[in-house]
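Novice: After the structure tokens below, expect a handful of questions from me.
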Amino acid sequence: MKSVLLTAFFILFTLGYTSAQTIKYYSKSGRVEVPAAEAHYFEVEEKNKQGWGGMRTRYLISDSSKVSLFNYSNLNGGLFGRGNLEGMHYEWHPNGKLKTEAVYVANELHGPYKSWYESGQLHYIQHYQNYKLQDTLKAYYETGELRRIEVYDQNELVSGKLFDKEGKELEFFRMVEMPAFKGGEEQLMRHLARNTVYPKSAYKRGAGGFVIVAFVISKTGTIKDIEVVQSVAPELDAEAVRVVQNMPTWEPALIEGEPEDMAFTLPFRFHASTKWNNKL
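Numbering-wise (UniProt numbering), the sequence shown opens with residue 1 and increments by one.
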């Protein structure tokens with residue numbers, strides 16, 4: 001543990017320490033802040049001269065290798081106070097080579113989004129307009145040959161082609177299919193509304209707000225790795241987790257036609273009306 005803390009402070013020193021810098025520690029999922037002794041990552045937050053924007057750079061605890069860098073116009077802005085993304089975003093492979101490069105404008109992906117294999121070969125490039133896929137996506141085999149072309153208009157797939165390494169056209173399928181609740185988003189909302197119960201103790205004292213639960217939809221569609229990433233009250237947190245734990249199987253994500261684990265987040269809104277509290 002001592003070596004972990006020394007490493008973190010060394011990085012602060014090399015960055016040029018100011019009182020506007022802080023270190024936070026995160027779980028293996030990268031979603032939940034934890035004590036330093038339990039951390040898989042640590043994150044250095046640097047405020048800009050104005051005092052509200054800045055950047056967050058994340059490192060692995062084990063070897064201090066850089067994992068990601070995000071820039072913010074407001075570190076505490078956004079719907080849940082997690083920051084307004086603005087400018088360049090980078091992620092790195094464990095070997096230190098660049099993994100992704102993207103641009104955020106007003107907290108939304110906008111412009112080119114590039115991804116590379118660990119070898120350094122370009123994997124794909126796609127384009128966003130106000131957080132929606134727009135124009136042409138091109139993806140490549142790790143050996144450099146063109147694998148696919150997809151054309152989008154406001155997140156809607158317009159056309160697509162898939163090729164083998166020799167350039168022969170194959171039967172097309174999308175590069176990424178997101179996980180889906182059976183019956184779609186409307187059925188998911190109905191399921192949550194039917195199965196979420198406001199804990200009486202929290203309701204009586206007027207406790208309420210947004211509980212945000214993060215989890216992973218596995219390759220088989222089951223739910224795993226559930227974490228509360230924004231807490232309101234113990235009873236409300238527990239109820240949100242219970243509902244997620246008991247969700248039916250989802251349709252898993254497909255990456256290049258193969259089932260893959262994928263992270264997902266759900267907000268639960270608990271709103272207690274003071275007018276009704278005395279009736280309980």
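Note that beta-carbon positions come from the ideal geometry of N, C-alpha and C, so glycine has one too.
Buried or exposed, going by whether 16 or more other CB atoms sit within 10 Å of the CB of S73?
Specialist: Its Cβ being crowded by 16 or more others within 10 Å, S73 is buried.
Novice: Could you work out which residue in H191, V243, F163 is closest to G199 when comparing CA atoms only?
Specialist: In the sequence under discussion, the amino acid at residue 199 is Pro, which differs from the Gly named in the question. Checked all of H191, V243, F163; the closest Cα to P199 is V243.
Novice: Would you call E156 buried or exposed, if buried means 16 or more other Cβ atoms sit within 10 Å of its Cβ?
Specialist: Classification for E156: exposed.
Novice: Between the C-alpha atoms of G206 and G83, what's the straight-line distance to the nearest angstrom?
Specialist: Between G206 and G83, the C-alpha separation is close to 27 Å.
Novice: Going by DSSP in three states, D63 sits in which element: helix, strand or coil?
Specialist: Note: D63 maps to coil in three-state DSSP.
Novice: Mapping the DSSP letters down to three states, classify K182 as helix, strand or coil.
Specialist: Here K182 sits in coil by DSSP.
Novice: CA-CA distance, S231 and G51?
Specialist: Between S231 and G51, the C-alpha separation is close to 26 Å.
Novice: Can you give the Cα-Cα distance for M262 and E256, rounded to whole angstroms?
Specialist: Spanning the two alpha carbons is a distance of roughly 14 Å.
Novice: Comparing C-alpha positions only, which one of Y131, K97, V105, K132 sits nearest to S115?
Specialist: Of the listed residues, the one whose Cα sits closest to S115 is K97.
Novice: For A272, collect the residues of the same chain with a Cβ closer than 6 Å to its Cβ; drop the 5 residues on either side in sequence, then sort them by chain order.
Specialist: Taken in chain order, the residues that qualify are Y203, G206, G208.
Novice: Tell me which same chain residues have a C-beta within less than 6 Å of the C-beta of L266, skipping the five on either side of it?
Specialist: Within the same chain, L266 has close Cβ partners V213.
Novice: In whole angstroms, give me the CA-to-CA distance for D135 and A37.
Specialist: Their backbone Cα atoms lie some 46 Å apart in a straight line.
Novice: Have a look at N71 and Q129 and give me their C-alpha separation to the nearest angstrom.
Specialist: About 18 Å.
Novice: With burial defined as no fewer than 16 other Cβ atoms inside 10 Å of the residue's Cβ, what is the status of K99: buried or exposed?
Specialist: Its Cβ being crowded by 16 or more others within 10 Å, K99 is buried.
Novice: Assign E33 to one of two classes, buried (16 or more other C-beta atoms within 10 Å of its C-beta) or exposed (fewer than that).
Specialist: E33 should be labelled exposed.
Novice: Given this structure, state the Cα-to-Cα distance separating Y59 from W250, to the nearest angstrom.
Specialist: The alpha-carbon atoms of Y59 and W250 are separated by roughly 32 Å.
Novice: Which one of G30, E235, N76 has the shortest CA to CA distance from E46?
Specialist: Out of G30, E235, N76, N76 has the C-alpha closest to the C-alpha of E46.
Novice: Tell me where the alpha helix (DSSP H) around P234 begins and ends.
Specialist: P234 -> alpha helix (DSSP H) spans 234–245.
Novice: Per DSSP, what kind of secondary structure is A106 in: helix, strand or coil?
Specialist: Of the three classes helix, strand and coil, the one that applies to A106 here is coil, per DSSP.
Novice: Taking C-alpha atoms, which residue in E235, L254, E101, K28 lies nearest to F173?
Specialist: If we check each option's Cα against that of F173, L254 comes out closest.
Novice: Give me the Cα-Cα distance between S65 and I23, rounded to the nearest whole angstrom.
Specialist: Approximately 15 Å between the Cα atoms of the pair.
Novice: Roughly how many whole angstroms lie between the Cα atoms of L133 and S201?
Specialist: Each residue's Cα considered, the two are about 44 Å apart.
Novice: So for L137, helix, strand or coil by DSSP?
Specialist: Reduced to three states, the DSSP call for L137 is strand.
Novice: By the three-class DSSP mapping on this structure, what secondary structure does Y203 have?
Specialist: Correct three-state label for Y203: helix.
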